[in-house]
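**Q** Counting from 5, one number per residue, gives the positions in the sequence shown under the numbering used here.
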Amino acid sequence: MEWTKEMRYRRLEDVSKDMLEAIKSNVNSCQWRQSYHIQPPTGLLNDPNGFSYFNGEYHLFYQWFPLGPVHGLKYWYHTKSKDLVHWENVGVAIKPDHDYDSHGAYSGSAIVHQDQLYLMYTGNTRNEQWERHSYQVIAKMNKHGEIIKPNDPVIADIPNGYTDHFRDPKLWKSGDVFYAVIGAQRENKTGCAVLYKSLNLIDWTFLGEMKTDLPQFGYMWECPDYFELNGHGVFVFSPQGLEPEGDHYQNIYQSGYLIGQKLDLKTLSFTHGRFNELDRGFDFYAPQTTLAKDGRRLLVGWMGLPELEYPTDQHDWAHCLTLPRELKIENGKLIQQPVQELTKLRKNKSIWKGTISNDTLHLFNGVSYELICEFTENDSDEIGIEFRAKGDEKTIVKYDKRQQKVVLDRSMSGQPVGEIYGSKRQCSVKDGNIKFHLFVDTSSVEIFINDGEEVFTSRIFPKQASDEIRFFANGGSVSLMAEKWEI
Ligand code: FRU
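See the structure below:
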């Protein structure tokens, strides 16, 4: 179907009940609806927004185009949870219904202030010539979940030197001062982030550009996020326009982080180490973090990427969010672990312990499960798992000892996605004991390697019947301890 501009900018409120019902029933007949991930009721989900803990609950909003699997007029959709595991769909939170957000309530973040949740987001607008202008807006949500939008944006102008690619404010507080970091593009078409400060979240002062060692690193930085962890400053962002480099930057766009000293809020300098990708899989972008009620730093990402077609498109929906991950810093790297609360989902445990020698063993079955595998005493060339498998259909994650790499192969996973960007992803992991921790859902997998040293997040679109879980060792033997829980 050809999505014209009129169709992309059609308002949810202007669509007949019958049309919405037809979309819903097409969505509900899709074999790839997830069982425990946040997914849109209809239409397209992209970035997580406004991730926060407020009034005894976690709030997680996302970018939403309700009417189909394309990037059109964006709303904020609201979900909430008491435990980071079971999420309730609340409904539309922010409608793009003002002049300052006429072409989309774009991404942003949330912070609690004076008993209200302040939601700062980018109002995207287009004029008759289809030129973009963006505004930064503060909406407020009270304890009853009522959201009030303001008459005017809080930041109406783009500072000199930057284009209208200026969006995605992320808020934090240091002492009594609120800060916002905003993703931007310089007039010379390079990406960067700029900083603002405020004492009341309403009156904002432009501070200037965040000074990093990456003056030429892609053409736009989307979804910036700054936080402090274990005495370090951490800057997460999604740069667009990086060229592939070895195993790096294989997806259309990247998300990664810099770890450094705490951002100097006077000079705006950020002294940091190298850029690391957050995720090594096929489908991960635009993550956002928040603080848990107990002080853990949590991250959720969009399990998808812009500008790609997905097999669910024909069912009028696309994408989901990742599971929440806890972040830690170890040896200068971010370590990501699924939040501990997810163990609540575990049902019906199976265990297998033994040795595999030059063989493939079909040990378990499942389409929605958690699996922890510890491989020890490995003298094989390759060890790994084939999952969502039947016959030749399978998704493979393996450790290649000769190359010292973990490889995720989705070339035989079922319906293809984004094949022009390749169907294997890999990264170096030191030899030794290898642990794979998988969360498999109807159409996705998140694989935590060695307790979160690396993560591979991907959508997969196998047949429902492909439920075998097989373990293999080629060119030698390996000891395996595998535990699986249904979800
Ligand atoms: C990232 C992004 C953001 C923007 C939003 C629009 O995926 O392009 O920069 O605010 O999506 O939906």
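Backbone N, C-alpha and C define an ideal beta-carbon position, used for all residues, glycine too. Model, not experiment: these values are computed from the prediction.
State buried or exposed for Val482, treating a residue as buried only when at least 16 other CB atoms are found within 10 Å of its CB.
**A** buried
**Q** Taking 7 Å as the line, does the beta carbon of Tyr289 fall inside it for any heavy atom of the ligand ZN?
**A** In terms of ligand content, the structure shown lacks the ligand ZN and carries the ligand FRU instead.
**Q** Heavy atom of the ligand FRU less than 7 Å from the Cβ of Asp51, yes or no?
**A** yes
**Q** Going by C-alpha to C-alpha distance, which of Glu281, Thr129 and Asp435 sits closest to Gln407?
**A** Closest by alpha carbon: Asp435.
**Q** List the whole-angstrom C-beta distance separating Trp68 from Tyr79, where the pair is believed to meet the contact cut-off of C-beta under 8 Å.
**A** 5 Å
**Q** Please name the residue in Leu71, Ala97 and Gln38 whose C-alpha comes closest to that of His63.
**A** Ala97
**Q** Determine, using beta-carbon pairs with one atom in the region 208-224 and one in the region 395-413, whether at least three such pairs fall under 8 Å.
**A** no
**Q** So which of Lys428, Asp22 and Ile491 has the shortest CA-CA distance to Leu412?
**A** Lys428
**Q** In the DSSP output, what is Arg492 paired with across the bridge?
**A** What the structure shows of the chain is the stretch from 5 to 491, and residue 492 is not part of that stretch, so it cannot be assessed.
**Q** CB Trp225 to CB Cys196, shorter than 8 Å?
**A** yes
**Q** Just to confirm, does Gln140 get its C-beta within under 7 Å of one of the non-hydrogen atoms of the ligand FRU?
**A** no
**Q** Using 8 Å as the cut-off, can you tell me whether the region 54-62 makes contact with the region 277-294, which would need three or more C-beta pairs spanning the two stretches below that distance?
**A** yes
**Q** Can you tell me the Cα-Cα spacing of Glu378 and Gly480, whole angstroms?
**A** Answer to the nearest angstrom: the Cα atoms are 16 Å apart.
**Q** Cβ of Met259 within 8 Å of Cβ of Phe286?
**A** Per the sequence presented here, residue 259 reads as Ser, with Met not at that position. No, they are not a contact pair.
**Q** Which residues bound the alpha helix (DSSP H) around Leu282?
**A** According to the DSSP assignment, Leu282 belongs to no alpha helix (DSSP H), since it is labelled neither H nor E.
**Q** Report all residues from its chain with a CB closer than 8 Å to the CB of Trp36; omit the five preceding and five following residues, and keep chain order.
**A** Here Trp36 has Pro315, Thr316, His319, Thr446, Ser447 and Phe465 as same chain residues with Cβ atoms under 8 Å from its own Cβ, once five neighbours each way along the sequence are excluded.
**Q** Assuming Gly336 contacts Ile389 (C-beta within less than 8 Å), just tell me the rounded distance between them.
**A** The pair is not a contact, with the Cβ atoms about 29 Å apart (cut-off 8 Å).
**Q** Classify Asn50: buried if its beta carbon has 16 or more other beta carbons within 10 angstroms, exposed otherwise.
**A** buried
**Q** According to DSSP, which residues form a beta bridge with Trp176?
**A** Tyr183
**Q** What separation, rounded to the nearest whole angstrom, lies between the Cα atoms of Met376 and Val19?
**A** Here residue 376 turns out to be Ile, not Met, going by the sequence shown. Distance between the alpha carbons of Ile376 and Val19 is about 46 Å.
**Q** By Cβ distance, which residues of its chain are closer than 6 Å to Gly308, with the 5 residues on each side in sequence left out?
**A** Asp287 and His323
**Q** Give me the Cα-Cα distance between His169 and Ile42, rounded to the nearest whole angstrom.
**A** 28 Å
**Q** Quick one: does the C-beta of Ser106 sit closer than 7 Å to a heavy atom of the ligand FRU?
**A** No - the ligand FRU has no heavy atom lying nearer than 7 Å to the Cβ of Ser106.
**Q** Near Thr281, what residues of its chain come up, given a Cβ to Cβ distance below 8 Å and the 5 sequence neighbours on each side ignored?
**A** The residue you asked about is not Thr; residue 281 is Glu in the sequence shown. Contacts found: His252, Tyr253, Gln258, Ser259 and Gly260.
**Q** In terms of alpha-carbon separation, which member of Lys348, Phe440 and Gln120 lies closest to Glu490?
**A** Nearest C-alpha to Glu490: Lys348.
**Q** When burial is assigned at 16 or more other CB atoms within 10 Å of the CB, is Gly358 buried or exposed?
**A** Under a 10 Å Cβ-count criterion, Gly358 is classified as exposed, with fewer than 16 other Cβ atoms of the shown protein chains found around its own Cβ.
**Q** Please list the segments of the alpha helix (DSSP H) lying wholly inside the region 19-71, counting only runs of 4 or more residues, in order along the chain.
**A** 21-32
**Q** Please report the Cβ distance between Tyr81 and Ser372, rounded to the nearest whole angstrom; I am assuming they are in contact, meaning their Cβ atoms lie under 8 Å.
**A** About 23 Å; that fails the 8 Å criterion.
**Q** Sorry if obvious, but does the Cβ on Asp172 come closer than 7 Å to a heavy atom of the ligand FRU?
**A** Indeed, a heavy atom of the ligand FRU lies less than 7 Å from the Cβ.
**Q** Just the C-alpha distance for Val31 and Val74, rounded to the nearest angstrom, thanks.
**A** 14 Å
**Q** Are the C-beta of Trp306 and some C-beta of chain B separated by less than 8 Å?
**A** Annotation note: the requested chain B is absent from the structure, which comprises a single protein chain.
**Q** Which same chain residues end up closer than 6 Å to Pro163 when comparing Cβ atoms and leaving out the 5 residues on each side of it in sequence?
**A** When the five nearest sequence neighbours on each side are left out, the beta carbons in the same chain lying within less than 6 Å of the beta carbon of Pro163 are those of Phe210, in order along the chain.
**Q** Quick one: does the C-beta of Thr8 sit closer than 7 Å to a heavy atom of the ligand FRU?
**A** Outside the cutoff, so no.
**Q** Tell me the DSSP secondary structure of Ile491 in three-state form.
**A** coil
**Q** Across which residues does DSSP place Gly195 in a beta bridge pair?
**A** Gln189
**Q** Tell me whether Gln265 is buried or exposed, calling it buried when 16 or more other Cβ atoms sit within 10 Å of its Cβ.
**A** It counts as exposed.
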